[in-house]
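Right, one structure below, let's go through it.
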Ligand SMILES: Cc1cc2nc3c(=O)[nH]c(=O)nc-3n(C[C@H](O)[C@H](O)[C@H](O)COP(=O)(O)OP(=O)(O)OC[C@H]3O[C@@H](n4cnc5c(N)ncnc54)[C@H](O)[C@@H]3O)c2cc1C
């Protein structure tokens, strides 16, 4: 077994680390002001991170998914809000088009998304359908040569500013709940009958805006369906596997940032006549976090590697997502504790990591749902 990175993977990791350093201070300021991090997104687009493992013929970088996971681990250390928006472009919309789109659809939608010139969204969740998307109620009916979309999507990341979105809707209501769903490619800028809801006030990831999208007889052209009609839930779940690897990588990034800040602080802070890092209680906390973060990174890279090998990675992605996001939460919580009262202040970054890490246990499928996926696989194998 060879754990070493290829020269290409090392180079992406190094570049992402440098770029992350450059935006760190700005990310803190934007989070505090609750502002949309356009400048950071533009910078990352210029550096080629939006299309990292999307095909070069459509504006991507042609890298492997391990490189993408490594980049996310670095970028999320600086600005998790921008990392998640980049991720939706890359691994949900971009990967969806790359894996399931027709040549025409790829030519039309992929290049601006892969170059970060247009933001894209992924709209699966509804008011009554979160963990169980098979119960979604948005309807897509055939009308003339096209489709008409009616229904509401919630929690749509970047939805207020995105140019394009993949929207899941029930295209054949007569079928069983998990069948008869299609994924539609929607140009949000030109589709009539779309109302964008107000921005949700979130506890963390404050730069990554979340809105509802309300479709009311929204007209879509005939060629809006991604992949085979009525197979959309299968496609959406396949895309979620990709998304979970990225979510795990972001969590590793947040966790590493929390560990770094806690260690730095513990070295400098003195109580009882010595740096608090000298207390064994502090060292054990740091050692546990370092070990769990290493394990989280390895699980994440293994899931990405399986994807690159063309092997099944659903369970590996669920394990990585569950473990890495729980580890990031623990790192933020213990890291904050190491800073004592100062950890609770906005002057230090731990409270932000704490708020940002929490979302990872929920989005791209909650960690309870990750356990369902893992258990299902276990039971199948027995
Ligand atoms: C920051 C953020 C960004 C997001 N971005 C997007 C986006 O861009 N696009 C999008 O479509 N969605 C997005 N979401 C929505 C997210 O995917 C859902 O919130 C998530 O899937 C959970 O759905 P829900 O909130 O409706 O919770 P519910 O499904 O109502 O779950 C409530 C609780 O019940 C538990 N639960 C449910 N079913 C089971 C079960 N079978 N066994 C055990 N426990 C169960 C859940 O784990 C959870 O703890 C985002 C969410 C957040 C917080």
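Residue numbers (this note's numbering): 114 to 495.
Beta carbons: idealized from backbone N, C-alpha and C, even for Gly.
Just so we're clear, the structure is a prediction, and the values are computed from it rather than from any experiment.
Open item on the list: Short of 6 Å in beta carbon distance, which residues of its chain neighbour residue 308, apart from the five on each side in sequence? Order them along the chain.
Closed with: 327
Task: Cβ-heavy atom distance, residue 301 to ligand 1, below 7 Å - done: Residue 301: no, Cβ never under 7 Å from ligand 1.
Open item on the list: Quick check on residue 190 - is its C-beta less than 8 Å from some C-beta in chain B?
Closed with: Absence of chain B from the displayed structure is noted, only one protein chain being present.
- [ ] Go ahead and label residue 180 buried or exposed: buried means 16 or more other beta carbons lie within 10 angstroms of its beta carbon, across all protein chains shown.
- [x] buried
Task: Presumed contact (8 Å Cβ cut-off) between residue 443 and residue 405, rounded CB distance - done: 7 Å
Task: Straight-line gap, residue 196 to residue 253 (C-alpha atoms, nearest Å) - done: 31 Å
Task: Buried versus exposed call for residue 398 [16 or more other C-beta atoms within 10 Å across all chains shown] - done: buried
- [ ] Could you check what DSSP says for residue 248 in three-state terms: helix, strand or coil?
- [x] helix
Open item on the list: Could you compute how far the alpha carbon of residue 208 sits from the alpha carbon of residue 228?
Closed with: 13 Å
Task: Distance between beta carbons of residue 129 and residue 162, contact taken as under 8 Å - done: 7 Å
Open item on the list: Which residues does DSSP list as the beta-bridge partners of residue 283?
Closed with: 252, 294
- [ ] Report yes if the C-beta of residue 243 is less than 7 Å from at least one heavy atom of ligand 1; otherwise report no.
- [x] yes
Task: Residue interval of the alpha helix (DSSP H) (run including residue 480) - done: Segment 480–494, the alpha helix (DSSP H) holding residue 480.
Open item on the list: Taking the beta carbon of residue 193 as the centre, do at least 16 other beta carbons fall within 10 Å, making it buried, or is it exposed?
Closed with: buried
TODO: Taking all protein chains shown into account, decide if residue 244 is buried (16 or more other Cβ within 10 angstroms of its Cβ) or exposed.
DONE: With fewer than 16 neighbouring CB atoms inside 10 Å of its own CB, residue 244 falls in the exposed class.
- [ ] State buried or exposed for residue 465, treating a residue as buried only when at least 16 other CB atoms are found within 10 Å of its CB.
- [x] buried
- [ ] State the DSSP-derived secondary structure class of residue 202, mapped to helix, strand or coil.
- [x] helix
TODO: On the DSSP bridge assignment, give the partners of residue 233 in chain order.
DONE: Residue 233 is bridged to 277.
Open item on the list: Between the alpha carbons of residue 564 and residue 451, how many angstroms are there, rounded?
Closed with: In the structure as shown, the chain begins at 114 and stops at 495. Residue 564 is therefore absent and cannot be evaluated.
Task: Helix, strand or coil at residue 313 [DSSP, three-state] - done: coil
TODO: Only counting runs of 4 or more residues, tell me where the alpha helix (DSSP H) segments fall wholly within the segment 297–353, in order along the chain.
DONE: none
TODO: Leaving out five residues on either side along the sequence, give the residues of the same chain with a beta carbon under 6 Å from the beta carbon of residue 362.
DONE: 182, 185, 186, 413
TODO: Return the chain-ordered list of same chain residues with a C-beta closer than 6 Å to the C-beta of residue 285, the five sequence neighbours on each side being excluded.
DONE: 293, 343
TODO: Report yes or no: do three or more beta-carbon pairs, one from the segment 472–489 and one from the segment 454–462, lie closer than 8 Å?
DONE: Segments in contact, no.
Task: Secondary structure of residue 119, DSSP reduced to three states - done: coil
Open item on the list: Rounding to the nearest angstrom, what Cα-Cα distance links residue 141 and residue 336 in this structure?
Closed with: If you take the alpha carbons of residue 141 and residue 336, they lie about 42 Å apart.
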